[in-house]
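Q: The structure's right below; bear with me while I get my questions together.
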Amino acid sequence: MDYVIDEFPRPSVAVRGKTAKFPVRRIYLVGRNYAEHAREMGHDPNREEPFFFQKPSDAILPTGSEFPYPPLSSNVHHEIEQVVALRSGGKNIRVNDALDHVYGYAVGIDITRRDLQQQMKQQGRPWEVGKAFDSSAPVSAIVPASAIGHPQQGRVWLEVNGELRQEGDLNQLIWTVPEIIATLSTQFELTGGDLIFTGTPAGVGPIKPGDRLTGGVEGIADVEIQVQ
Ligand code: MN
0 MDYVIDEFPR PSVAVRGKTA KFPVRRIYLV GRNYAEHARE MGHDPNREEP FFFQKPSDAI
60 LPTGSEFPYP PLSSNVHHEI EQVVALRSGG KNIRVNDALD HVYGYAVGID ITRRDLQQQM
120 KQQGRPWEVG KAFDSSAPVS AIVPASAIGH PQQGRVWLEV NGELRQEGDL NQLIWTVPEI
180 IATLSTQFEL TGGDLIFTGT PAGVGPIKPG DRLTGGVEGI ADVEIQVQ
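Just so you know, we're using numbering that gives the first Met the number 0 here: the sequence shown kicks off at 0 and counts up by one.
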């Protein structure tokens, strides 16, 4: 392909046990998918339809990286999340077929400029400035489902400088992975290369330069970043 300006690299994520990488097309994220987190954000945790937002694919930051504290915010929060990596997709995927489209799983941190997100909510404006900024999606290597299956339970945790901040379990997801895939595929045509962050448990809070964030999902992987 010939382009009129320099080409840029396709974002990708490492895969455990393989030299080949997982190419990233879109990053979708689910809002308020654990009841305790919905409550801490001031919302009713009743089972209303899941809602989604996106980050750009080049917001990916590999685990083990330095995370540059982003500009324009004094309240940057961590949100530890299970991540689903799709091998294939489609429209209007049925719940019972959804897991056939999953390549594997990873662990990510949905980093959020909470002050800017709250301002945008209050003004009825889009969330991008609060959610979709550079390096806002640190993620572990992807672990193929062929190696670990499709975990439906497992501790979800995040520590800041060795102190536990977030803790939950995959079995507390309000919307399960198959339900998330099915609902999302009614809104967008999904394809291989799409990542879905499935929501965060309670305990979100601020980070500051110098902090070391470590987290994980039992049975999937760990993720770690150093805030610069
Ligand atoms: Mn989140």
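Don't be surprised by glycine CBs; every beta carbon is placed ideally from N, CA and C. None of these values were measured; they are calculated from a predicted model.
#1: Enumerate in chain order the residues of its own chain whose CB-to-CB distance from Ile179 is below 7 Å, with the five nearest sequence positions on each side excluded.
#2: Check each candidate in Ser184, Val226, Ala201, Glu78 and name the one with the smallest Cα separation from Lys130.
#3: For Gly202 versus Pro150, is the C-beta spacing smaller than 7 Å?
#4: Answer yes or no: do Gly123 and Thr190 have a C-beta to C-beta separation smaller than 7 Å?
#5: Please say whether Ala19 and Val142 have beta carbons closer to each other than 7 Å?
#6: I need the straight-line Cα distance from Asn170 to Gln186, nearest angstrom please.
#7: Looking at C-beta atoms only, is the number of pairs between the region 6–15 and the region 50–59 that lie closer than 8 Å three or more?
#8: Which residues are close to the ligand MN, meaning CB closer than 5 Å to any heavy atom, in chain order?
#9: Please classify Val101: does DSSP put it in a helix, a strand, or coil?
#10: Starting from Gln118, follow its DSSP beta bridges and name the residues at the other end.
#11: Where Ile147 and Ile92 are concerned, what is the direct C-alpha to C-alpha distance, given to the nearest angstrom?
#12: Please name the residue, chosen from Asp210, Gln165, Thr62, that lies closest to Ser139 on a Cα-to-Cα basis.
#13: Quick check on the DSSP output: the alpha helix (DSSP H) that includes Thr213 runs from which residue to which?
#14: Which residue from Gly107, Met40, Leu115, Asn32 puts its Cα closest to that of Ser72?
#15: Give every residue of the same chain whose Cβ lies closer than 6 Å to the Cβ of Glu158, excluding the five residues on either side of it in the sequence, and list them in chain order.
#16: What is the rounded straight-line gap between the Cα of Gln227 and the Cα of Ser64?
#17: Contact defined as beta carbons within less than 8 Å: I believe Arg228 pairs with Tyr104. What is the distance between those atoms, to the nearest angstrom?
A: According to the structure shown:
#1: As a working note, residue 179 is residue 180 in the sequence shown. Excluding the 5 residues flanking it on each side, Ile179 has same chain C-beta neighbours closer than 7 Å at Val29, Pro49, Ile195, Thr197, in chain order.
#2: Counting from 1 along the sequence shown, the entry for residue 130 is found at position 131. In terms of Cα proximity to Lys130, the closest of Ser184, Val226, Ala201, Glu78 is Glu78.
#3: Numbered from its first residue, the sequence shown carries residue 202 at position 203. Numbered from its first residue, the sequence shown carries residue 150 at position 151. Not in contact: Gly202 and Pro150 (Cβ atoms no closer than 7 Å).
#4: Against the sequence shown, residue 123 aligns to sequence position 124. Against the sequence shown, residue 190 aligns to sequence position 191. No, they are not a contact pair.
#5: Walking along the sequence shown from the start, residue 142 turns up at place 143. Walking along the sequence shown from the start, residue 19 turns up at place 20. No, the pair does not count as a contact, with Cβ atoms beyond the cut-off.
#6: What you label residue 170 is simply residue 171 of the sequence shown in a count that begins at 1. What you label residue 186 is simply residue 187 of the sequence shown in a count that begins at 1. Rounded to whole angstroms, Asn170 to Gln186 spans 25 Å at the Cα level.
#7: Flag = yes, the region 6–15 and the region 50–59 touch.
#8: In chain order, the hits are Glu78, Asp109, Thr199.
#9: As a first step, residue 101 is located in the sequence shown; it is residue number 102 there, counting from the start. Val101 falls in the strand class under three-state DSSP.
#10: Reading the sequence shown from its first residue, position 119 is the one you call residue 118. Gln118 pairs with nothing; no bridge assigned.
#11: Locating residue 147 in the sequence shown gives position 148, counting from the first residue. Locating residue 92 in the sequence shown gives position 93, counting from the first residue. Approximately 23 Å, taken between the alpha carbons.
#12: The residue given as residue 139 occupies position 140 in the sequence shown. Among Asp210, Gln165, Thr62, the Cα nearest to that of Ser139 belongs to Thr62.
#13: Residue numbering aside, residue 213 sits at position 214 when the sequence shown is read from its first letter. Thr213: not part of any alpha helix (DSSP H); member of the beta strand (DSSP E) spanning 211–216, first to last residue.
#14: Taking the sequence shown and counting its residues from 1, the one referred to as residue 72 is at position 73. Among Gly107, Met40, Leu115, Asn32, the Cα nearest to that of Ser72 is on Leu115.
#15: Along the sequence shown, read from residue 1 onward, the residue named residue 158 stands at position 159. In the same chain as Glu158, and ignoring 5 residues on each side of it, the C-beta atoms closer than 6 Å to its own belong to Thr213, in chain order.
#16: By one-based count along the sequence shown, residue 227 stands at place 228. By one-based count along the sequence shown, residue 64 stands at place 65. C-alpha separation (whole angstroms): 10 Å.
#17: Missing from the structure shown is residue 228; the chain here goes from 0 to 227 and no further.
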